[in-house]
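Trainee:
Protein chains: 2
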Amino acid sequence: MDQGGKKRSVINGTEKDPWIVKVSPQMATPSLQDNRGDVDRLLDGLRKALAGDEVAIDFKMAKRIPSTLREHGYEVQAVLYKGAYSWHLVALFPAAFDTPIYGLAVDLGTSTVVIRVLDLTTGEIKDERSFLNPQVEVGQDILARIHFASKEKGLAKLQRSLAEKLNEDITQLAQRNNIRTVSFVGMSVSGNTVMTHLFLGLDPFWLCREPYIPAINRPELIKANELGVAVNPESPVMVMPNVGSYFGGDLISGILASRMTHQAEISILVDVGTNAEVVLGNREWLMGCAGAAGPALEGGVAQMGMMAGPGVIDKVTIDPATGEFRMRTIENRPPVGICGSGLIDLVAQLFLAGMIDLRGKYVESRCGKRLKEVDGVNHFVLVFPQDSATGSDLTLSQPDIDALIRSKAAMYTILTTITRMINVSLRDIRNFYIAGTFGSYIDPKSAITLGMLPDLALETYKPLGNTSLAGATETLLSATAREEIYKIRDRVTYIELNVNQEFMNLFSAAKFIPHTDRSLFPSVKEWSRI
Amino acid sequence: MDQGGKKRSVINGTEKDPWIVKVSPQMATPSLQDNRGDVDRLLDGLRKALAGDEVAIDFKMAKRIPSTLREHGYEVQAVLYKGAYSWHLVALFPAAFDTPIYGLAVDLGTSTVVIRVLDLTTGEIKDERSFLNPQVEVGQDILARIHFASKEKGLAKLQRSLAEKLNEDITQLAQRNNIRTVSFVGMSVSGNTVMTHLFLGLDPFWLCREPYIPAINRPELIKANELGVAVNPESPVMVMPNVGSYFGGDLISGILASRMTHQAEISILVDVGTNAEVVLGNREWLMGCAGAAGPALEGGVAQMGMMAGPGVIDKVTIDPATGEFRMRTIENRPPVGICGSGLIDLVAQLFLAGMIDLRGKYVESRCGKRLKEVDGVNHFVLVFPQDSATGSDLTLSQPDIDALIRSKAAMYTILTTITRMINVSLRDIRNFYIAGTFGSYIDPKSAITLGMLPDLALETYKPLGNTSLAGATETLLSATAREEIYKIRDRVTYIELNVNQEFMNLFSAAKFIPHTDRSLFPSVKEWSRI
C-alpha cells in the first residue's frame, strides 16, 4: 500500500531551516606550525562551517576520527544535527563522494505505520511505504497491547516486533531508491502515547491506570542505535512529545501541520479514530480533549464495514426522485464492503430519501424490497448478491445504524461540550480541520446531514489527510517546526471530558438525525426538501 | 605505598563550587490533577532544586526512572553533574539512605599511578593509594609503549591492563573505606598526552611522529562506562586536556595547582622527570616548553640510584671541617641506595668540600681512601660494605657525576633559553615552583650549588609535591577550577626548544659547577668559603 508522495500538499512551503545538515569543513593539514589534535582540528573546521556555533562529538565517534581524517586526507563531509545547545556530529563521509543525506518521517499508527523517505537537502519526498503494525498480532487495540506488555518479556517482544518490521521496510526503501542505510541520518516518529512508549521500550503499564501517568512525555533526541533502528547508528531520532496518556505526539504533530496556532481566527482540529480527538484554539490559546466516539466512524463496526481498499464502497448517492442507488468503489472494482466515509454517505442518503427516520429506524414503506428480516433484525440490502464481489449481499443492519448514531452523537456532544467549556460557539469556528486518512474522504455534507458535524459553511471543512505524518515530515526538515512542536505541547490545555449528567443530556439530544433541536441544522432542512 | 592525605596542603581553600552534586528533588505524587510523566516530573523537581538550571537525562537512564521513582514513593536523591550547557543525571538513590557521594582524582603517571578518594560533599580527602603503572611491563618509557600500541591488539592490551589495575585498586579503596562503588560518581584524570591517549584507547601512533599530532587535545566529559572504569557507570570522567604531544594534561593540572596564573608577578613551574617541563608566566601570559633533561635527575642513572623507598639516602652533608659524612635514609633503615634529591645533595657537598672540581672530576688528594678505581674508572665510596644493607659498598662513579652534570646543564640551559626568548631575566622570577614527588625533596641550596637552578633567594623555591594530582583534585571539586583548566590550556603558548648553536653554547657554559660564569652564582661563592 504505497502512496508515493500523494499527500505532499500538506507540507507547507516554510523557509529552509534544516536541523540536520551536511557541511564541508575546511581543514589545514597538520604541520609543525599547526599541530592541533585531529579531533580538535575537525571541531575547529566544523565550527567555522557552522558560523561559529558550538559542536559536540560523542566520544565513541571521536575515537574513530583520526583514522577517518587521515584515510581521506582531511577532506571530508560531515553530517550534524542541532541539539538543544550545540550541533552533534552524526557521520563523516569522504568529500569525494558527496553522499546525499536522507531522513525518515514515521507515522506510528496503532493499526498502520507509514514511513516516508525525505531528501534532507532538498526537502523532497523520495518515497513512502506503509505496513500493518505487527503489534496487532497481540491485540487490535491499545489496551490489549498494554496488557501484553506487562507479561514476561512482553514489552521487549512488542518493541522488537515493531523494530524488526520497521527495519525490513527501511531496508526495502533503501534498496529500491539506491540509498545506503548509513545515508539515513535522521528520523522523526509521531504516534499516540502508547505507541511511542512501545517504540521506545517504555513500560506502558501506568498509562491506562488512574491517574494515567506516562513514563516520559517529552523525550529528548535519542540516538538510533539505542532504539535498534537500521539507519545510521548515530542518527538523532525525534519522538513527538505527548501531553498525557490520552493526548499523544500524533496530535501535536497534527496541530503543527494544521497551522491553527498561526491564526487569529478559531480553528478546530478533529482526528477521528476509535477516539475522537479534538483540539480547539488559535494563536493565543489551545485546548484539547479526547473521548470515545466509537469505531463505527472508522467503518469498523458495521457488518460489511472495512478499511479502505480495492472494491470498497466509499461514496453513495440515492436519487431522491427515483430512489436509485449510485455507488463508487475504490479502483472501480465490484463491491466487497463499505468504508467509514461510504457508511456516513449511505446513512445520510437513507435519511434524505426518507428510508430511515429521525431516530435512524428503517421506514419499511420507503425501503421496499431492499429491506429484509434476519433473525428478527431489519437488514437493508445495499448490494444484491449478483452485483457483489463476494457472491453474498452487502447489508446494513438496524444495529449497525444504531451504533453509527451513537458514535455521531458522541462526536457532536464532544464538540458541543468543549466549545461550551470555553464559551465559544460552534458558529465561531472558521476552520474545521479533519485529520486522518478516514477524515479525508468524509463528505462534510453527509456528516452534517447526520448531525455528526455542526452545520457550518461547507468550505469551513478542510480535510488534511495524515497530519501525524505531515507534522513528522515538517519536524524532520525544519528547526523552527521542531521548536514549535515543543511549544505546542507546552501550550495545550488538556480538558478531561467528564461524562456527567449534562454530557448525557446533550448526548441523548444528539441521538436523533440530525438532532432534537433541528434549528441547529438549518441546511439539513433545506437539503431534505430537494 | 599509601600516602593518605599527606599532600592535603596543596588543595587551596577555594569557595565551594561543586559541579557534581546531590540534591533532593521535591515531587508531588501523581494525581488526576497532576498527571505529568514520571521523567518529566523528576525533571521539574530537579530544575527547581537547581535554581531553574536545565537538566538532561540520558535515554538509557530515563527508561529506568519510572520504576525507581515508584519503588521509593517519589522520594529520591539525585546525583548530577554540570556539563557544558546543562546538568546531567548520574544516579538516583532512595532518599531514606542519604548515600554519601565520592569522587576519584587520578594522577596517571608513566611510572606511578595515584588514586585519591574525595568526599564530593565536604571536599575532604578520604584515602589515597598508588601503584606501579602496569604498562611498564611492555616498556619503561613512553616510546616503547607507543611502539607496543601499534602492534596487533597492542592498544587494547595497554588500555585494558591499566583499567584492570585501576579497577582492582578502586575496589580495594571502596572496601577499606566502606564505600559502594556506585557511590563513586565522578573522576578526574591527569596525565601526559601519551598516558591519556592510552587511558582513553586513542591511537598514540602520531604523537611521536612529525608533526606530532594528538588524536584529541580537549576531550569532553566521558561516561565511565565508555572507559570500563569500575565506578558508577554514568559518572563523568574529566580527562585533563593537552596542549600538544609534549605538553600534557598533567602540566595543565600543575599550572592550576600552582596558582601562577592568578599572580601579577612572574612565576616559573618546573616538573623534573625524564623531561624537564617548564612553564613561565603570570596572570597575563603563559609560556611552556619541554626538553630532555636526562633521567639522572630522577636518580635513574647512577649505579646506586633508585626511587625513594625505605633505606634510600635522601640527604647528605659533609662536615667542611672534618670531612665527616652525615646521611639520612628514609625510615632510618640501613642504606640501600640513593634517590635523586640525595644525589644532588651528595654532589653539591662533594663540590663544597673540594672533593670534586668545577668540572665535576674527583680530586684524589681530597677524597682520600673513599676513592677507588674499578676498571680504570674512579668510584667514590659513599657507604662502606659493613654499613650498607646490601653487604656491598654504595659508590658514585665518575660517569655518574658526568651524567648528572649533563642533566643539570640541560636544565639550566632550558631555563636560560625560555626566559631569554621572552626577554625576562631569571632574576625577575618571584616564585619558582617545583612540581613532582622528586622535586619536593630537592634541597634548593644543593641544586643552586650545582648550578642546576638559578641563584635566587632560597624562599623563592616552593616545592608543590604532586601538582598533577593536586590539580585533578581541585578540578573534580570545583566548577571554577574545571573552567580554568580549559582557559589555561587555551592560554599556554608552547615553545619548541630548538637545539641550535646558541643552545649548545649555553649548554657548554653550564657544564661547570656551578657555571663558567661564576658571577651568576654569588651565593655559591659564599657557601664555598664556609
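Chain order of the listed sequences is A and B.
Using our numbering, you'd call the opening residue of the first sequence number 466 and step up by one each time.
Using our numbering, you'd call the opening residue of the second sequence number 466 and step up by one each time.
Note that the Cβ used here is the ideal one computed from N, Cα and C, for glycine as well.
Predicted model, so just to flag it, every value in this text is computed and none were measured.
Helix, strand or coil, according to DSSP, for A:S532 in the structure here?
Mentor: Translated into positions along the first sequence, residue 532 of chain A becomes position 67. Residue state, collapsed to three classes: helix.
Trainee: For the segment 565-618 of chain A, list the beta strand (DSSP E) runs that are entirely contained and at least 3 residues long, ordered along the chain.
Mentor: Runs found: 567-573, 577-584, 590-597.
Trainee: List the whole-angstrom C-beta distance separating B:T860 from B:F845, where the pair is believed to meet the contact cut-off of C-beta under 8 Å.
Mentor: In the second sequence, counting from the first residue as 1, residue 860 of chain B sits at position 395. In the second sequence, counting from the first residue as 1, residue 845 of chain B sits at position 380. The pair is a contact, with the Cβ atoms about 6 Å apart (cut-off 8 Å).
Trainee: For B:L667, return the contacting residues in chain A, with the cut-off set at a CB-CB distance below 7 Å.
Mentor: For the purposes of this step, residue 667 of chain B is taken as residue 202 along the second sequence, with counting starting at 1. By Cβ distance, chain A contributes K528.
Trainee: Would you list the one or two residues that DSSP bridges to A:L557?
Mentor: Position 92 of the first sequence, counted from the start, is the residue given in the question as residue 557 of chain A. DSSP lists A:A543 as partners of A:L557.
Trainee: For B:G719, count neighbouring C-beta atoms within 10 Å of its own C-beta (all shown protein chains included) and say buried if the count is 16 or more, exposed if not.
Mentor: Numbered from 1 along the second sequence, position 254 holds the residue referred to as residue 719 of chain B. It is buried - the Cβ of B:G719 has at least 16 other Cβ atoms within 10 Å.
Trainee: The alpha helix (DSSP H) that contains B:L880, what's its start and end?
Mentor: The residue you call residue 880 of chain B lines up with position 415 of the second sequence. That run of the alpha helix (DSSP H) goes 863-886.
Trainee: Tell me whether B:A621 is buried or exposed, calling it buried when 16 or more other Cβ atoms sit within 10 Å of its Cβ.
Mentor: Taking the first residue of the second sequence as position 1, residue 621 of chain B is located at position 156. Exposed is the call here.
Trainee: Whole angstroms are fine: how far does the CA of B:G568 sit from the CA of B:F649?
Mentor: Your numbering for residue 649 of chain B matches position 184 in the second sequence. Your numbering for residue 568 of chain B matches position 103 in the second sequence. Going by the C-alpha atoms only, they are around 5 Å apart.
Trainee: Is A:V996 close to chain B, meaning its C-beta is less than 8 Å from at least one C-beta of that chain?
Mentor: This structure gives no information on residue 996 of chain A, because the portion of chain A shown stretches from 466 to 995.
Trainee: Consider the Cβ of B:S551: report whether some Cβ of chain A lies at a distance smaller than 8 Å.
Mentor: Walking along the second sequence from the start, residue 551 of chain B turns up at place 86. True, the Cβ-Cβ gap to chain A drops below 8 Å.
Trainee: Quick one: which chain A residues come within Cβ less than 8 Å of B:S496?
Mentor: The count along the second sequence starts at 1 and reaches residue 496 of chain B at position 31. Residues of chain A passing the Cβ test: P676.
Trainee: Could you give the C-beta distance for A:S655 and A:S933, rounded to a whole number, given that I count them as a contact under 8 Å?
Mentor: Taking the first residue of the first sequence as 1, we reach residue 655 of chain A at position 190. Taking the first residue of the first sequence as 1, we reach residue 933 of chain A at position 468. Their Cβ separation, rounded to whole angstroms, is 4 Å, which keeps A:S655 and A:S933 in contact under 8 Å.
Trainee: Where A:D715 and A:N657 are concerned, what is the direct C-alpha to C-alpha distance, given to the nearest angstrom?
Mentor: Along the first sequence, read from residue 1 onward, the residue named residue 715 of chain A stands at position 250. Along the first sequence, read from residue 1 onward, the residue named residue 657 of chain A stands at position 192. Approximately 5 Å, taken between the alpha carbons.
Trainee: For B:G574, which option in B:L638, B:N682, B:T902 has the closest C-alpha, if you only look at C-alpha atoms?
Mentor: Mapped onto the second sequence, residue 574 of chain B falls at position 109. The candidate whose alpha carbon is nearest that of B:G574 is B:T902.
Trainee: Name, please, each residue of chain B whose Cβ falls closer than 8 Å to the Cβ of A:I720.
Mentor: Counting from 1 along the first sequence, the entry for residue 720 of chain A is found at position 255. Under the 8 Å cutoff, chain B gives no residues; its nearest Cβ is about 19 Å from A:I720.
Trainee: Report back the beta-carbon spacing between B:I717 and B:I953 to the nearest angstrom; my notes put them in contact at under 8 Å.
Mentor: For the purposes of this step, residue 717 of chain B is taken as residue 252 along the second sequence, with counting starting at 1. For the purposes of this step, residue 953 of chain B is taken as residue 488 along the second sequence, with counting starting at 1. Their Cβ separation, rounded to whole angstroms, is 5 Å, which keeps B:I717 and B:I953 in contact under 8 Å.
Trainee: How long is the line joining the alpha carbons of A:M705 and A:A937, rounded to whole angstroms?
Mentor: For the purposes of this step, residue 705 of chain A is identified with residue 240 of the first sequence, where counting begins at 1. For the purposes of this step, residue 937 of chain A is identified with residue 472 of the first sequence, where counting begins at 1. Going by the C-alpha atoms only, they are around 8 Å apart.
Trainee: Quick one: Cα of A:F977 to Cα of A:R724, how far?
Mentor: The residue labelled residue 977 of chain A in the question sits at position 512 within the first sequence. The residue labelled residue 724 of chain A in the question sits at position 259 within the first sequence. Each residue's Cα considered, the two are about 34 Å apart.
Trainee: In the DSSP assignment, the beta strand (DSSP E) including A:E742 goes from what residue to what residue?
Mentor: The residue labelled residue 742 of chain A in the question sits at position 277 within the first sequence. It spans 740-746 - the beta strand (DSSP E) in which A:E742 sits, taken as one unbroken run.
Trainee: Just the Cα atoms here: how many angstroms apart are A:V696 and A:K547?
Mentor: Taking the first residue of the first sequence as position 1, residue 696 of chain A is located at position 231. Taking the first residue of the first sequence as position 1, residue 547 of chain A is located at position 82. Going by the C-alpha atoms only, they are around 18 Å apart.
Trainee: At 4 residues or longer, what runs of the alpha helix (DSSP H) sit wholly inside the segment 789-846 of chain A?
Mentor: For the segment 789-846 of chain A, whole alpha helix (DSSP H) runs of length 4 or above, ordered along the chain, are 805-817, 829-832.
Trainee: Measuring alpha carbon to alpha carbon, tell me which residue in B:L692, B:A741, B:S830 is nearest B:R625.
Mentor: By 1-based counting over the second sequence, the position of residue 625 of chain B is 160. Ranking the options by Cα distance to B:R625, first place goes to B:L692.
Trainee: Can you give me the Cβ contacts of B:P799 inside the same chain, cut-off strictly under 8 Å, excluding the 5 residues immediately before and after it?
Mentor: As a first step, residue 799 of chain B must be located in the second sequence, where it is residue number 334. Hits under 8 Å: G776, D852, S853, A854.
Trainee: Tell me, which residues are paired with A:I978 by DSSP?
Mentor: Translated into positions along the first sequence, residue 978 of chain A becomes position 513. Its beta-bridge partners do not exist; DSSP assigns none.
Trainee: How is B:N931 classed by DSSP in three states: helix, strand or coil?
Mentor: If you number the second sequence from 1, residue 931 of chain B lands on position 466. Coil at B:N931, not helix or strand.
Trainee: State yes or no: is the C-beta of B:Y926 within less than 8 Å of the C-beta of B:F897?
Mentor: Within the second sequence, numbered from 1, the residue matching residue 926 of chain B stands at position 461. Within the second sequence, numbered from 1, the residue matching residue 897 of chain B stands at position 432. Yes, they are a contact pair.
Trainee: Please say whether B:R610 and B:V571 have beta carbons closer to each other than 8 Å?
Mentor: The residue you call residue 571 of chain B lines up with position 106 of the second sequence. The residue you call residue 610 of chain B lines up with position 145 of the second sequence. Contact: no.
Trainee: Ends of the beta strand (DSSP E) at A:Y550?
Mentor: The residue labelled residue 550 of chain A in the question sits at position 85 within the first sequence. Where A:Y550 is concerned, there is no enclosing beta strand (DSSP E), given that its DSSP letter is neither H nor E.
Trainee: Report all residues from its chain with a CB closer than 7 Å to the CB of A:A813; omit the five preceding and five following residues, and keep chain order.
Mentor: One-based indexing of the first sequence puts residue 813 of chain A at position 348. Correct list, in chain order: S911, T914, L915.
Trainee: Please state whether DSSP places B:T940 in a helix, a strand or coil.
Mentor: Translated into the one-based positions of the second sequence, residue 940 of chain B becomes position 475. Helix, per DSSP.
Trainee: Between which two residues does the beta strand (DSSP E) containing B:Y898 stretch?
Mentor: Here residue 898 of chain B refers to the residue found at position 433 when the second sequence is read from its first residue. Unbroken beta strand (DSSP E) run through B:Y898: 896-900.
Trainee: Step through the CB atoms of chain A and report whether any lies within less than 8 Å of the CB of B:K525.
Mentor: Residue 525 of chain B sits at position 60 when you count from the first residue of the second sequence. Closer than 8 Å: yes.
Trainee: Return the chain-ordered list of same chain residues with a C-beta closer than 6 Å to the C-beta of A:L815, the five sequence neighbours on each side being excluded.
Mentor: As a working note, residue 815 of chain A is residue 350 in the first sequence. These residues qualify, in order along the chain: I821.
Trainee: If you compare alpha carbons, which of A:S595, A:F596, A:H612 is closest to A:V603?
Mentor: Taking the first sequence and counting its residues from 1, the one referred to as residue 603 of chain A is at position 138. Checking every option, the nearest Cα to that of A:V603 belongs to A:H612.
Trainee: From the beta carbon of B:W484, is the nearest beta carbon of chain A less than 8 Å away?
Mentor: In the second sequence, the residue the question calls residue 484 of chain B occupies position 19. Output row for B:W484: interface = no.
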